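S.K.: Number 16 in UniProt numbering belongs to position 16 of the sequence shown; there are no gaps in the numbering.
Each residue gets a CB set at the ideal place from its N, CA and C atoms; glycine is no exception.
Being a predicted model, the structure only gives us computed values, none of them experimental.
Take a look at the following structure, please.
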Amino acid sequence: MQPLEIKYESQIELANRLGKTFNMVKLYAINKLQPAIPVLYQIADILNVDVRGF
């Protein structure tokens, strides 16, 4: 499972923690949009994964 392949509720929670919309996080999760580098680091920190895992 990839880090962003998470449950619907978790994507909403992640979006809230990032200050992004659910749709934005969904686009990240399905690889239709790449987050900016600072956002990538935020996601890695929230998911407790190494940014190199992305």
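#1: Are there 16 or more other CB atoms within 10 angstroms of the CB of Leu14, so buried, or fewer, so exposed?
#2: Residues in its own chain within less than 7 Å of Asn48 by CB, not counting five upstream and five downstream?
#3: Under a three-way DSSP split, which group does Met1 fall into?
#4: Residues in the same chain with beta-carbon distance under 7 Å from Asp50, minus the five sequence neighbours each way, listed in chain order, please.
#5: In the structure shown, what three-state DSSP assignment does Gln11 receive?
M.R.: Short version:
#1: Leu14 should be labelled buried.
#2: Taken in chain order, the list of residues that qualify is empty.
#3: Unreliable placement is indicated for Met1, whose pLDDT of 49 sits below 50; the coordinate value is still reported in the next sentence. In the structure shown, Met1 sits in coil (DSSP, three-state: anything other than H, G, I, E or B).
#4: Spatial neighbours of Asp50 in its own chain (CB-CB distance under 7 Å, excluding positions within 5 residues in sequence) are listed in chain order as Ala44.
#5: Gln11: helix per DSSP, three-state reduction.
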